[in-house]
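>
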Amino acid sequence: MFLEQVLNGLTLGSTYALIALGYTMVYGIVQLINFAHGEIYMFGAFIGLFLVTALGLNIFAALLGAMIFCMLLGMLVERIAYRPLRGKSSRLSALISAIGVSIFLSTLMALIRGPNTTRYPEMIAQNTFYLGSVEVSALQIIILVVSALLMIGLQLLIQKTRIGKAMRACSQDIDASSLMGINVNRVISFTFAIGSALAAAGGVMVGIYYNAVWPYMGTMAGLKAFAAAVLGGIGSVPGAMVGGLTLGILEIMGVAYLSSSYKDAIAFAILILVLIIRPQGLMGQKISKKV
Amino acid sequence: MDAFLTQYVDAYYLRIMVFIGINIILTLGLNLITGVTGQLSMGHAGFMSLGAYTSAILSVHYAVPFFVALLAGALVAALFGFLLGIPTLRLEGDYLAVVTIGFAEIIRVFFLNFEPGGKAVGFSGIPQSTTFTGVWIVVIIVIYLNYKLLNSRAGRSLYAIRENEIAAEACGVNTTRMKVLAFTMGAFLGGLGGGFFAHYMYFIEPGNFGFMKSIELLNMVVLGGMGSIPGVILGTVILTIAPEMLRIVQDYRMLFYGALLVILMIFRPNGLLGDVRIYDIKKRLFRKEV
Chain A
18 MFLEQVLNGL TLGSTYALIA LGYTMVYGIV QLINFAHGEI YMFGAFIGLF
68 LVTALGLNIF AALLGAMIFC MLLGMLVERI AYRPLRGKSS RLSALISAIG
118 VSIFLSTLMA LIRGPNTTRY PEMIAQNTFY LGSVEVSALQ IIILVVSALL
168 MIGLQLLIQK TRIGKAMRAC SQDIDASSLM GINVNRVISF TFAIGSALAA
218 AGGVMVGIYY NAVWPYMGTM AGLKAFAAAV LGGIGSVPGA MVGGLTLGIL
268 EIMGVAYLSS SYKDAIAFAI LILVLIIRPQ GLMGQKISKK V
Chain B
475 MDAFLTQYVD AYYLRIMVFI GINIILTLGL NLITGVTGQL SMGHAGFMSL
525 GAYTSAILSV HYAVPFFVAL LAGALVAALF GFLLGIPTLR LEGDYLAVVT
575 IGFAEIIRVF FLNFEPGGKA VGFSGIPQST TFTGVWIVVI IVIYLNYKLL
625 NSRAGRSLYA IRENEIAAEA CGVNTTRMKV LAFTMGAFLG GLGGGFFAHY
675 MYFIEPGNFG FMKSIELLNM VVLGGMGSIP GVILGTVILT IAPEMLRIVQ
725 DYRMLFYGAL LVILMIFRPN GLLGDVRIYD IKKRLFRKEV
């Protein structure tokens, strides 16, 4: 029983982690809480649904299609709503702009698809099997494996490639990077693209796992993923992974052993406690203030 | 006064005016925390719901007079603001933002399960004690007190914390005390606005005070110009009226609202009246030519 709950928590947590990565990467470079990120995730879920039902693609093709679409959407949002503000305004103005985009995108989807819940078609036979005494569903395995592959891929991208190096440089000091000949705008655009693609993957998998998508699903998921990113230490990529998984497990445990009516409160209460004890998050670095 | 107004002014416009008044009380509170002191709070609706539920329960179950209930609601909110102010001593920026979001969510879930507050069904039968005159008298008092505060030694300390906390501390500002003070006062106004809201709506439910409400209030403060009293009032008036004006586009209302936020921020990145203070306007108007 306990191990099954841990597994459920890991499944939920890995989707939080996928969304949280987008928050943390963008934050690491431009110090913006990208509130439209939850809506990108929602769009990913709907595009996946569209590809499956209208074009009859299989789950992996739909996943890939949703990721590519959201990549473009993320870059478009960055170009229109954030780039004009960069450098000449306070961070809060960019935040309000992000909120504007978030309201715009969720309303747009509500107008296209109606505000109600749409069900995902059953795409994977509900096979369950036993690992020892733990009941595991095929879907959970797929979600865990796909998330793990995406996160390993991201780590390789950041650590081993040229553009990854540029991203790391920008997150350290964006002005110095631009003096070193890095095309900062391109790096930021690329960061938005990667983050959005990961969120789309999360959206498709959550859609299949819970068998439901709706236009306002992005708000709560975005909020929790943001909380996960902060829990791990915002700006830190491994932190977002750890934070997402931790939050997922804590939430499932809270529902299983405490009370389901306090589900959302439990996650946030624990988050506040962690932050009071460790203000820089689990894996964040403490930046000493300079005069 | 109110009888006169209801006779000659369209009920719809009167209602919008009352909401503008309530929102000004709420946003001036948030302005103290976020605009003036620079502590990003994304959970102002949490204070609002504390004030709303406390005052509503007092006046329905205990038949407490309206203004006593309002004050009690505001004081409960202020107490929580004080408690929430304490983590700010260690947290800053976005970590603080997440704590305030979490706080408001916890309050919301608490009221969803709170028996005397009618749980998820909501709390109805609240007497409609909020009147146009009542709200606007309080609005004028709140604006005056805000103005007095921001031009005092304490107000300048708050601005100093926003501009540079370390420098402020070096100049002898007790940053700890001032930040907790800002949270307490901001929460008090949040609770006050919530009380007025509850006593205007007959009916409140936890959904009234969700994350989107906090964001709506934050939008008003940032759009108008953070830290500026005229700016915050202007932002509040515009964003309270905007959704009503946009009713002509019906279903596309929120679509336009979202686009409006983006466009306004692109063209006025520091808010419509960023950092214009009443004092500065006065100085400019009555400046003697040299």
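Top to bottom, those sequences are chains A and B.
For what it's worth, the numbering used here labels the leading residue of the first sequence as 18, then goes sequentially.
For what it's worth, the numbering used here labels the leading residue of the second sequence as 475, then goes sequentially.
Positions of the beta carbon are idealized from the N, C-alpha and C atoms, including for glycine.
Nothing here was measured: the structure is a model prediction, and the numbers come from that model.
#1: Is the number of C-beta pairs between the stretch 487-500 of chain B and the stretch 551-568 of chain B that are closer than 8 angstroms three or more?
#2: Using CA atoms only, rank isn't needed, just tell me which of B/N587, B/G699 and B/V706 is closest to B/M739.
#3: List, in chain order, every chain B residue whose beta-carbon is nearer than 7 angstroms to that of A/V247.
#4: Residues of chain B with a CB under 7 angstroms from the CB of A/T124: which are they?
#5: By DSSP, does B/V764 sit in helix, in strand, or in coil?
#6: Taking only the alpha-carbon atoms, compute the straight-line gap between B/A571 and A/I293 and give it to the nearest angstrom.
#7: For A/V23, which of A/G131, A/I129, A/A71 and A/T263 has the nearest alpha-carbon?
#8: Would you kindly report the start and end of the unbroken alpha helix (DSSP H) that includes A/S378?
#9: Of all the residues that make up the stretch 232-243 of chain A, which are near chain C by a beta-carbon distance shorter than 9 angstroms?
#10: If you check the beta carbons only, do A/V291 and A/L248 fall under 8 angstroms apart?
#11: Smallest Cα separation from A/L80: which of A/T124, A/L167, A/C187 and A/G256?
#12: With DSSP as the reference, identify every bridge partner of B/F678, one or two as the case may be.
#13: Which stretch, first to last residue, makes up the beta strand (DSSP E) that contains A/I146?
#14: What does DSSP give as the partner residues of A/V230 in its beta bridges?
#15: Kindly say whether A/G309, judged by its beta-carbon, lies nearer than 8 angstroms to any beta-carbon of chain B.
#16: Going by C-alpha distance, which of A/G61, A/L20, A/F60 and A/F52 is nearest A/G239?
#17: Express the C-alpha separation of B/R651 and A/T32 in angstroms, rounding to a whole number.
#18: Taking the runs of the beta strand (DSSP E) that are 3 residues or longer, which of them lie wholly in the stretch 24-69 of chain A?
#19: Compute the beta-carbon to beta-carbon distance between A/R130 and A/F207, rounded to the nearest angstrom, for a pair I have assumed lies under 8 angstroms.
#20: Run through DSSP, which three-state label would A/P101 get?
#21: Would you give the residue range spanned by the alpha helix (DSSP H) that A/D192 belongs to?
#22: What did DSSP end up calling B/Q602 once you bin it into helix, strand or coil?
#23: State the Cα-Cα distance for the pair A/G61 and A/G271, rounded to the nearest angstrom.
#24: Please state whether the Cβ-Cβ distance between A/I46 and A/S188 is less than 8 angstroms.
#25: Would A/S194 count as contacting chain B if we go by Cβ distances under 8 angstroms?
#26: So what's B/Y536 in DSSP terms, helix, strand or just coil?
#27: Measuring alpha carbon to alpha carbon, tell me which residue in A/R108, A/I116 and A/K241 is nearest B/G732.
#28: With hydrogens ignored, establish whether the beta-carbon of A/P232 is closer than 7 angstroms to any heavy atom of the ligand GDP.
#29: Here's the rule: buried if 16 or more other CB atoms are within 10 angstroms of the residue's CB, otherwise exposed. What is B/A641?
#30: Measure from the C-beta of B/V609 to each C-beta in chain A and report whether the shortest distance is under 8 angstroms.
#31: What whole-angstrom Cβ distance do A/T236 and A/G65 have, given they're in contact under 8 angstroms?
#32: Between A/M184 and A/S123, is the Cβ-Cβ spacing less than 8 angstroms?
#33: Does DSSP put B/F588 in a helix, a strand or coil?
#34: Answer with yes or no whether the minimum CB distance from A/Y279 to chain B is below 8 angstroms.
#35: Buried or exposed for B/V764, going by 16 or more other Cβ atoms inside 10 Å?
#36: Does any CB atom of chain A fall closer than 8 angstroms to the CB of B/F584?
On the basis of the supplied data:
#1: Contact fails: fewer than three Cβ-Cβ distances are below 8 angstroms.
#2: Among B/N587, B/G699 and B/V706, the Cα nearest to that of B/M739 belongs to B/G699.
#3: Here the neighbours are D568, Y569 and V572.
#4: By Cβ distance, chain B contributes M728, L729 and G732.
#5: Because B/V764 sits at a pLDDT of 47, beneath the cut-off of 50, its placement in the model cannot be relied upon, and the following sentence gives the value as read from the coordinates. DSSP places B/V764 in coil when its eight states are reduced to three.
#6: Straight-line Cα distance between these residues: approximately 13 angstroms.
#7: Ranking A/G131, A/I129, A/A71 and A/T263 by CA distance to the CA of A/V23 puts A/T263 first.
#8: Here chain A comprises residues numbered 18 to 308, so residue 378 of chain A is not present and cannot be evaluated.
#9: Reference to chain C is not applicable here, since the protein chains of this structure are A and B.
#10: When the beta-carbon positions are compared, A/V291 and A/L248 come within less than 8 angstroms of each other.
#11: Taking A/L80 as reference, the option from A/T124, A/L167, A/C187 and A/G256 with the minimal CA-CA separation is A/L167.
#12: Per the sequence shown, the amino acid found at residue 678 of chain B is Ile instead of Phe. Paired residue(s): B/F597.
#13: Checking the sequence, you will find Phe at residue 146 of chain A rather than Ile. Looking at the DSSP string, the run of the beta strand (DSSP E) that includes A/F146 is T145 to L148.
#14: DSSP output for A/V230 lists A/T135 as bridge partner(s).
#15: In the structure displayed, chain A extends from 18 to 308; residue 309 of chain A sits before or after that span and is not available.
#16: Looking at the Cα atoms, A/F52 is the closest of the given residues.
#17: Distance between the alpha carbons of A/T32 and B/R651 is about 41 angstroms.
#18: Note on the stretch 24-69 of chain A: there is no whole beta strand (DSSP E) run with a minimum of 3 residues.
#19: Incorrect: roughly 30 angstroms between the Cβ atoms, too far for contact.
#20: The three-state secondary structure of A/P101, taken from DSSP, is helix.
#21: I191 to L196 is the span of the alpha helix (DSSP H), which, as asked, contains A/D192.
#22: Coil.
#23: A straight line joining the alpha-carbon of A/G61 with that of A/G271 spans about 28 angstroms.
#24: At a Cβ-Cβ threshold of 8 angstroms, A/I46 and A/S188 count as neighbours.
#25: No, A/S194 lies away from the interface with chain B (no Cβ there is under 8 angstroms from its Cβ).
#26: B/Y536 falls in the coil class under three-state DSSP.
#27: Here the closest residue by C-alpha is A/I116.
#28: No copy of the ligand GDP occurs in the structure displayed, which carries no ligand at all.
#29: Around the beta carbon of B/A641, fewer than 16 other beta carbons sit within 10 angstroms, so the residue counts as exposed.
#30: Judged by the 8 angstroms Cβ criterion, B/V609 is not in contact with chain A.
#31: Between A/G65 and A/T236 the Cβ distance is about 19 angstroms, and since that is not below 8 angstroms, they are no contact.
#32: No, the Cβ-Cβ distance between A/M184 and A/S123 is not below 8 angstroms.
#33: The answer is coil: DSSP assigns B/F588 none of H, G, I, E or B.
#34: Yes - at least one Cβ of chain B is within 8 angstroms of the one on A/Y279.
#35: For B/V764, the pLDDT reaches just 47, beneath the cut-off of 50, and the residue's location in the model is therefore unreliable, although a value from the coordinates is still provided. It is exposed - the Cβ of B/V764 has fewer than 16 other Cβ atoms within 10 Å.
#36: Chain A, which has a Cβ nearer than 8 angstroms to the Cβ of B/F584, makes this yes.
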